[in-house]
Ligand code: PXP
């Protein structure tokens with residue numbers, strides 16, 4: 007069984023489009039509420055809830071993260087930049103897992119994997135702090151051998167292989183080559199004792215191929231589920247995704 011991490015960032019994106027300036031005290035008038043969405047998503051079968059607390063706070067806010075921490079019944083996976091500020095926040099929050107991602111102010115969404123080779127010392131400091139606190143760290147990396155081997159050396163228990171390049175190439179001749187990179191990446195990460203997750207750009211169509219990757223533990227999916235939920239509601243969108251994930 008491959009698990010589903012439901013990324014709810016884009017629910018907060020819709021809220022912020024209208025209510026960016028509203029104080030938190032506006033309460034129920036501030037819609038849509040990502041926490042309410044998370045609870046419905048869990049009820050429909052999501053195995054965990056993922057949020058990215060970005061430095062620019064463009065979608066998820068700190069208050070959302072604390073409310074999720076108090077109310078969800080599954081696991082909270084906090085995506086964050088590898089900075090001392092976010093490390094301190096995660097140590098206070100104590101989520102089940104932290105997923106370290108690169109952050110670039112200009113990007114619409116996360117664009118590439120974290121370069122754990124080029125940022126070894128910074129990543130090591132964060133992984134060490136999380137390991138000491140009993141929080142599992144996942145490193146969001148491109149499926150390259152060098153990145154995977156470095157991730158294992160850093161002592162993080164999990165990697166999340168970046169499926170964005172594959173998703174982008176899905177309707178092009180490069181798809182097979184990108185899929186092969188992911189396949190080899192999964193095998194190598196597993197050989198090194200890492201738990202293998204994957205995410206970014208996965209949808210109801212490319213999922214049928216992605217789910218055949220070896221050793222997959224969990225997929226983190228956001229945009230396509232939130233998009234479908236506009237038409238079907240979140241529970242149906244999650245149920246349909248899960249049915250295709252583990253047919
Ligand atoms: N995994 C990571 C590390 C991400 O940063 C994101 C969102 O950018 C996702 C998964 C989910 O991607 P998507 O919204 O394309 O499903």
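In this note's numbering, the protein residues as written are 7 to 253.
For each residue, glycine too, the CB sits at the ideal point set by N, CA and C.
None of these values were measured; they are calculated from a predicted model.
Residue i vs residue j beta-carbon contact at 8 Å
i, j, result
"residue 193", "residue 160", "no"
"residue 240", "residue 50", "yes"
"residue 153", "residue 123", "yes"
"residue 105", "residue 91", "no"
"residue 66", "residue 18", "yes"
"residue 144", "residue 166", "yes"
"residue 184", "residue 204", "no"
"residue 250", "residue 213", "yes"
"residue 22", "residue 64", "yes"
"residue 102", "residue 142", "yes"
"residue 119", "residue 168", "yes"
Cutoff 6 Å; reference residue i; Cβ partners in own chain excluding five residues on either side
i, result
"residue 9", "53 and 224"
"residue 121", "none"
"residue 243", "231, 234 and 235"
"residue 127", "none"
"residue 46", "240 and 241"
"residue 88", "106, 128, 129 and 132"
"residue 181", "175"
Near ligand 1: residue i beta-carbon under 7 Å from a heavy atom
i, result
"residue 107", "yes"
"residue 229", "yes"
"residue 208", "yes"
"residue 125", "no"
"residue 146", "yes"
"residue 61", "no"
"residue 58", "yes"
"residue 85", "yes"
"residue 205", "yes"
"residue 226", "yes"
"residue 110", "no"
"residue 13", "yes"
"residue 166", "yes"
Proximal residues to residue i (C-beta, below 7 Å), its chain only, five neighbours per side dropped
i, result
"residue 74", "41, 44, 55, 57 and 82"
"residue 201", "163, 164 and 223"
"residue 177", "none"
"residue 80", "48, 52, 53, 54 and 55"
"residue 68", "59"
"residue 156", "122, 123 and 126"
"residue 15", "57, 58, 65, 66 and 228"
"residue 20", "38"
"residue 245", "50 and 51"
"residue 215", "185"
"residue 248", "10 and 51"
Contacting residues, own chain, Cβ-Cβ under 8 Å from residue i (five flanking each side not counted)
i, result
"residue 253", "none"
"residue 72", "99"
Test: residue i CB closer than 8 Å to a CB of chain D
i, result
"residue 144", "Absent from the structure: chain D. Only one protein chain is present."
For the segment 53-71 against the segment 79-98, are there 3 or more C-beta pairs whose distance is under 8 Å? Under the three-pair Cβ rule at 8 Å, the segment 53-71 counts as touching the segment 79-98.
Could you say if the segment 227-238 and the segment 9-18 meet the contact criterion of at least three C-beta pairs nearer than 8 Å? The segment 227-238 makes contact with the segment 9-18, as at least three CB pairs between them are under 8 Å.
Taking 8 Å as the cut-off, does the segment 134-150 touch the segment 158-174 (at least 3 CB pairs, one atom from each stretch)? Two segments are said to touch when three or more pairs of C-beta atoms, one from each, lie closer than 8 Å; by this definition the segment 158-174 touches the segment 134-150.
Quick check: the segment 195-213 against the segment 36-50, are at least 3 beta-carbon pairs closer than 8 Å? No, because fewer than three Cβ pairs between the segment 36-50 and the segment 195-213 fall closer than 8 Å, the two stretches do not touch.
Using 8 Å as the Cβ pair cut-off and three pairs as the minimum, do the segment 141-152 and the segment 180-195 touch? Enough Cβ pairs lie closer than 8 Å, so yes.
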